[in-house]
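Worksheet: one structure, shown below.
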Amino acid sequence: MQGRDGGFELLYYVFPSPRGIDWASPTRLLWSALASLLRFKFEREHQIGHVNIELRRALPGSGVLEPRGSEVLEPHGSEVLEPHGVEREFLTGMTSSTRGDTTRAVLAEQMGLGVLFHHFGGRLETAEEVERQWPERRTWGELAVLRILLSDEAANRARRFEQEFRERGHSAHYALPLRPRYGEGGGCSAYGVSFLEITGLLTEEMRTRWSRNIRVPEALIGSRSPKRRIHFIWLLIAFWKGWAKPEEPHREILFWDPDAMYRWMIEVHASSRPEFAKSEVGAVKVLTWDARGVPAPQGPIWLEAEGK
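Final position of the sequence shown in numbering that gives the first Met the number 0 is 307; the numbers increase by one with none missing.
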């Protein structure tokens, strides 16, 4: 598909967890996750936060993506959740194939913090699933949008990644630590961040502020096979048990945190940083970044793990 260079935009729709996930310790993690689980408010509840990704381009003559200095797209901010004058390439996000998988793994199967590493069945959400959440969140918030203007070359890389990820069946694998660009599958935030990587737009600030690296004690990790149960009640009351020290038996997990992404976006929206235009759609904060001048990477979209 051909279009005026820079006539594309990549949008991130970031949902925070309903009550905020507290990663300060294993016990605080479980208590905060339960608090979010019990708060049913929106059409589709995302207990640990969520990330959706969209690629679209302006139709010829629409003027939707015409820049005006620091106020780029400002008059069109209301169209983020009611798009006009644009053609959608895709709107999706990674999710588990069966709702409630994580809750069952912790409560019924007693996997403890093994749930952080467990591979669930996954799938890509449809545009209809994503859109039906917008009206209520437009009224009440708990959604932030990062809107990035792209060059044609960057948009082509994003389109290719989405298409090949889908066609190769990588979406069937859903887990927090999986790496989408290695063909492993992924969680919702890792899948979303992959688009920033392949377009060359993942900044060091984003990498630092959005990610977490945690050492999970082996004593808290249950599993289905071999069967090893960690009762969730014990986790709730084990206030003395923190994350593992380097010398303790543990498994390390590196992942992208939707809550951290959301907090960063709200913080930037309240700042005076000139590289971002700010607008609001009801209670939803919108950031716009004109990245059409950033060269797209020339390297491969898909990566191979060392040793393969």
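We put the CB at the ideal spot given by N, CA and C, even for glycine.
Does the distance from the C-beta atom of residue i to that of residue j stay below 8 Å?
{"i": "E53", "j": "R18", "result": "no"}
{"i": "H118", "j": "H49", "result": "no"}
{"i": "L195", "j": "G186", "result": "no"}
{"i": "I147", "j": "A290", "result": "yes"}
{"i": "I47", "j": "A143", "result": "no"}
{"i": "P257", "j": "K240", "result": "no"}
{"i": "E124", "j": "G92", "result": "yes"}
{"i": "I213", "j": "I252", "result": "yes"}
{"i": "Y181", "j": "A304", "result": "yes"}
{"i": "E274", "j": "W263", "result": "no"}
Please tell me whether residue i has its Cβ less than 8 Å away from any Cβ of chain C.
{"i": "E86", "result": "Given the protein chain composition of this structure (a single chain), no chain C is represented."}
Under the rule that 16 or more other beta-carbon atoms within 10 Å means buried, what is residue i, buried or exposed?
{"i": "G121", "result": "buried"}
{"i": "E65", "result": "For E65, the predicted structure reports a pLDDT of 49, less than 50, and the residue's modelled location is therefore unreliable. A value from the coordinates is still provided. Exposed, because fewer than 16 other Cβ atoms sit within 10 Å of the Cβ of E65."}
{"i": "R67", "result": "Confidence at R67 is low in this model, with a pLDDT of 40, below 50, so the placement of that residue should be treated as unreliable; the coordinate-derived value is given next. With fewer than 16 Cβ atoms within 10 Å of its Cβ, R67 is classed as exposed."}
{"i": "W139", "result": "exposed"}
{"i": "P74", "result": "Note that P74 has pLDDT 35, beneath the 50 cutoff, so the model's placement of it is unreliable and the number below is only indicative. So P74 ends up on the exposed side."}
{"i": "A174", "result": "buried"}
{"i": "K284", "result": "buried"}
{"i": "S69", "result": "Residue placement at S69 cannot be trusted, given a pLDDT of 39 that sits under 50; what the coordinates show is reported in the next sentence. Label assigned to S69: exposed."}
{"i": "P179", "result": "buried"}
{"i": "N51", "result": "buried"}
{"i": "G292", "result": "exposed"}
{"i": "S224", "result": "exposed"}
{"i": "V71", "result": "Per-residue confidence for V71 stands at a pLDDT of 41, beneath the threshold of 50, marking its modelled position as unreliable; the derived number appears in the next sentence. V71 comes out buried."}
{"i": "A23", "result": "exposed"}
{"i": "R43", "result": "Confidence in R43 is poor, its pLDDT being 49 and thus under 50, which makes the residue's placement unreliable; the coordinate value appears in the next sentence. Burial call: exposed."}
{"i": "L36", "result": "buried"}
{"i": "E161", "result": "buried"}
{"i": "I229", "result": "buried"}
{"i": "G298", "result": "exposed"}
Taking residue i as part of the beta strand (DSSP E), name the residues at either end of that continuous run.
{"i": "G120", "result": "F119 to L123"}
{"i": "T101", "result": "First-last for T101: D100 to L106, but that is the alpha helix (DSSP H), not the beta strand (DSSP E)."}
{"i": "E88", "result": "V85 to T91"}
Sort out for me which residues DSSP pairs residue i with in a bridge.
{"i": "N212", "result": "L253"}
{"i": "V144", "result": "Y12 and V285"}
{"i": "I229", "result": "M110"}
{"i": "V192", "result": "V192 pairs with nothing; no bridge assigned."}
{"i": "E53", "result": "L10 and L90"}
{"i": "H172", "result": "G120"}
{"i": "I220", "result": "G111"}
{"i": "S95", "result": "G121"}
Find the nearest neighbour of residue i within the set the options, judged by alpha-carbon distance.
{"i": "L29", "options": "E81, Y12, T101 and Q297", "result": "T101"}
{"i": "R136", "options": "P294, E163, A153 and G281", "result": "G281"}
{"i": "L149", "options": "L90, V79, S170 and T198", "result": "T198"}
{"i": "A153", "options": "S31, F231 and L201", "result": "L201"}
{"i": "F7", "options": "N155, H169, E130 and R165", "result": "N155"}
{"i": "M205", "options": "L33, R55 and L145", "result": "L145"}
{"i": "S222", "options": "V85, Y12, Q109 and A34", "result": "Q109"}
{"i": "W209", "options": "A34, W255 and P294", "result": "W255"}
Over the uninterrupted alpha helix (DSSP H) stretch that includes residue i, give me the two end residues.
{"i": "F116", "result": "Element bounds for F116: n/a, residue is neither H nor E."}
{"i": "R165", "result": "D151 to E166"}
{"i": "A276", "result": "Taken as a continuous stretch (DSSP letters only), A276 belongs to no alpha helix (DSSP H), being part of the beta strand (DSSP E) at F275 to V280."}
{"i": "A34", "result": "P25 to L36"}
{"i": "V293", "result": "Looking at the DSSP string, V293 is not in any alpha helix (DSSP H), and its letter there is neither H nor E."}
{"i": "E135", "result": "W133 to W139"}
{"i": "V129", "result": "A126 to E130"}
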